[in-house]
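By UniProt numbering, the letter at position 28 of the sequence shown is numbered 28, and the numbering carries on one by one without gaps.
No residue lacks a Cβ here, since even glycine has one placed at the ideal position from N, Cα and C.
All values reported here derive from a predicted model rather than from experimental measurement.
Everything on this sheet refers to the single structure shown next.
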Amino acid sequence: MTYKTDKSKELFQQAQRCLVGGISSSFHKAPWNDYPIYMDHGEGARVFDVDGNSYIDYLNAFGPNILGYVHPALTEAVEKQLKKATLMAAPNADLVKLANKLVDIIPCADKVSAFMSSGSEANMHAIRVARAYTGKKKIVKIEGCYHGSMDEEKVSCDAEKLEALGSREHPNKIKHIKGQKDPDDIIIAMFNDLDNIEHIFKTQGDDIACMILETIMANADPIYPKPGFLEGLRKLCDEYKVVLIFDEVITGFRLGLQGAQGCFGVTPDLATFGKAIGGGYPISCVVGREEVVTAATVASGTFAANALCVAAALATIETCQQPDFYENLERMSKKMIDGIEEICAKHGVKVNTKAIGGMWTMILGTDEELTDYRDHYSKVDSKLYTRLVQGCMERGIRLNPWRGRNYMCAQSTDDDIDYTLRVIDEVMAAAVVEK
């Protein structure tokens, strides 16, 4: 059967006449695609496009859909709230229940500082809270980490080539959006490099309000923390009185309900959660130590903690708390990467894989651990990964088009994985020959 996407192409042509760029998010179209694939609906672990093609989905909306599509418990909770009202400009009883659950679950959460609608907003608020608490204004962020689309967040998230990053000792502060203000209060640091961060703290610590990072640098293939890195960072932040913020928008609920801080056993002062906590509905939050989170006023927002998203978050948490929920996700993730390792060995392709909870990663071109963002340029075979993604899409498998970070959902099956591995094997064989 020939893979056709004519309706998607036509819709994109129409969209360009009324929508800037033809898309509402840069994440909806990979730069190497002429047009995005327009989806019609999702069911279970699959999505279906407007041309009638079906895909086993491992992108899962870049992480939020931990329960998959139209999950019965989530759908029931949302439908029940829909009949009552969605937006009332007031809190409801479920909000108190949700806040209590988050405080009980998340190690650093003495209190919830605020609920919002996106990870970008949550990180913006966390930085504001840190500044209020410390009275200082500078922010240390890791080169390659992504924290959202606000001016102070979207700095040095990526680069067209290694040289654009500058030296490790004096990295460039790269802006990514036209109209973005100069990031004067941002200091760029290196992942997995405590000496680098300690030097920054020693020389500029009197002005630094906070250090924000993804504990697993999901924006870059991804990259995992070396043993002792997060622990050392915790000590440095304590020593120099810098607020430590874990951006758990990706890792929260994906690695487990406690997120990365539970997985790695390191507790930050503040943490941001989003994506998976709503199971596909737009909700995020900032949590942390009481003396820190109470230093700033509560956030404002018309859609913050709306009843519909609160109901979705409660249903998601209650489903994730069921026995063996994460064990099953990790079992399937492990089955996937074991199969990928066998396929890559068969075709002579180096690969680095990991599976934690519902997140599994596949980095082609190296069997070594990546240390920081700069390793991406020298070790990762991005072209081969792109060919794999394109080939799999044409055969009904949807992978993350940007990097090798993919997700299982609660409705993924062993049959899905078996079929996926057969397709990866076929596509890899053809891609290696072309190479």
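- On the three-pair Cβ rule with 8 angstroms, is the region 233-252 touching the region 157-167? no
- Please list the segments of the beta strand (DSSP E) lying wholly inside the region 252-322, counting only runs of 3 or more residues, in order along the chain. 270-273 and 284-288
- Query: Between the C-alpha atoms of residue 56 and residue 397, what's the straight-line distance to the nearest angstrom?
  - Reply: 5 angstroms
- Task: Please state whether DSSP places residue 427 in a helix, a strand or coil.
- Result: helix
- Task: Sort 352, 248, 6 and 270 by Cα distance to residue 216 and report the nearest one.
- Result: The shortest Cα separation from residue 216 among 352, 248, 6 and 270 belongs to 248.
- Item | Three CB pairs or more closer than 8 angstroms across the region 338-346 and the region 323-330 | no
- Task: Just grab the DSSP bridge partners of residue 41 for me.
- Result: 48
- Query: When every heavy atom of the ligand ADP is checked, does at least one fall within less than 6 angstroms of the C-beta of residue 356?
  - Reply: The ligand ADP is not among the ligands present in this structure, which contains no ligands whatsoever.
- Closest by C-alpha distance to residue 116, when choosing among 418, 300, 423 and 263: Check the Cα spacing between residue 116 and each of 418, 300, 423 and 263: the tightest is with 300.
- Task: Measure from the alpha carbon of residue 10 to the alpha carbon of each residue in 310, 336, 51 and 224, then state which is nearest.
- Result: For residue 10, the closest C-alpha among the options 310, 336, 51 and 224 is that of 51.
- Task: Determine which residues share a DSSP beta bridge with residue 407 and list them.
- Result: 359
- Query: Pairing CB atoms from the region 17-25 with CB atoms from the region 39-50, are three or more of them under 8 angstroms?
  - Reply: no
- Task: Write down every uninterrupted run of the alpha helix (DSSP H) in the region 93-170 whose length is 4 residues or greater and which is fully enclosed by it, in chain order.
- Result: 93-105 and 119-134
- Message: To the nearest angstrom, how far is the alpha carbon of residue 380 from that of residue 185?
- Response: 31 angstroms
- Query: The alpha helix (DSSP H) with residue 377 in it runs from where to where?
  - Reply: 375-379
- Item | Rounded separation between residue 319 and residue 71 - CA only | 10 angstroms
- Span of the beta strand (DSSP E), counted from its first residue to its last, around residue 18: Taken as a continuous stretch (DSSP letters only), residue 18 belongs to no beta strand (DSSP E), as it is neither H nor E.
- Mind checking which residues open and close the alpha helix (DSSP H) that includes residue 336? That run of the alpha helix (DSSP H) goes 325-347.
- Going by DSSP, name the residue or residues bridged to residue 210. Note: residue 210 sits in a beta bridge opposite 139 and 243.
- Of the listed residues 252, 387 and 206, nearest to residue 218 (C-alpha basis): Here the closest residue by C-alpha is 252.
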